[in-house]
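The structure appears right after this line, and notes come after that.
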Amino acid sequence: MAYVNNHETSIHENSEKVMAAFHDKMMALAEENTAQSATEAHEIAHLLLEHAELPLAIRARAHIVLSSGKTNYLHHAQEAVRIAQKGRDIFGPGSTPEAKAAVDGLL
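Residue numbering for the sequence shown is 1 to 107, as defined by the working numbering.
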């Protein structure tokens, strides 16, 4: 049974690393601010948003990237704000310094 738990932990850790790598690539492409890089950043953002287990900070940033697009930009901007507010509600005042840093990273 311990093997299964270690295996599940390993899968979860690998999934987080992959999501973080895609996040970093998405943000780098968005910062390039060219038509091609924006298209690639939007594709990665859509890919990331398909994952229910996506951390709030990455989910908010994916919506921020998509809010610069030509379609559904208002929806994505509103979702980014909603997610940031949710993060603040969850990890707000009285939380650990780590939780506060995570919320500050959303905004």
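A virtual CB, placed ideally from N, CA and C, is assigned to each residue, including glycine. Please read all numbers here as calculations on a predicted model, not as lab measurements.
DSSP three-state call for residue i: helix, strand or coil?
| i | result |
| --- | --- |
| Met27 | helix |
| Thr34 | coil |
| Ala2 | Note on Ala2: pLDDT 46, under 50, position unreliable in the model; the coordinate value appears next. Looking at Ala2 - three-state DSSP - the assignment turns out to be helix. |
| Met19 | helix |
Spatial neighbours of residue i within its chain, please: CB distance less than 8 Å, with the 5 preceding and 5 following residues excluded, ordered by chain position.
| i | result |
| --- | --- |
| Val18 | none |
| Gly69 | Ala38, His42 and His76 |
Within its chain, find whatever has a CB closer than 6 Å to the CB of residue i; leave out the 5 residues flanking it on each side and keep chain order.
| i | result |
| --- | --- |
| Pro76 | The question names Pro, but residue 76 is His in the sequence shown. His63, Leu66 and Ser67. |
| Ala2 | Annotation note: pLDDT 46 at Ala2 (below 50); position unreliable, coordinate value reported separately. Cβ within range, chain order: n/a, list empty. |
| Ala30 | Ala41 and Val65 |
| Glu32 | none |
Between which residues of its own chain and residue i is the CB-CB distance below 7 Å, once the five residues before and five after are set aside?
| i | result |
| --- | --- |
| Ile58 | Met19, His23 and Leu48 |
| Val4 | With a pLDDT of only 49 at Val4, under 50, the local geometry of the prediction cannot be trusted, and no value is derived from it. |
Checklist entry - Can you list, in chain order, the stretches of the alpha helix (DSSP H) that have 4 or more residues and sit fully within the segment 48-100? => result 56-66 and 73-90
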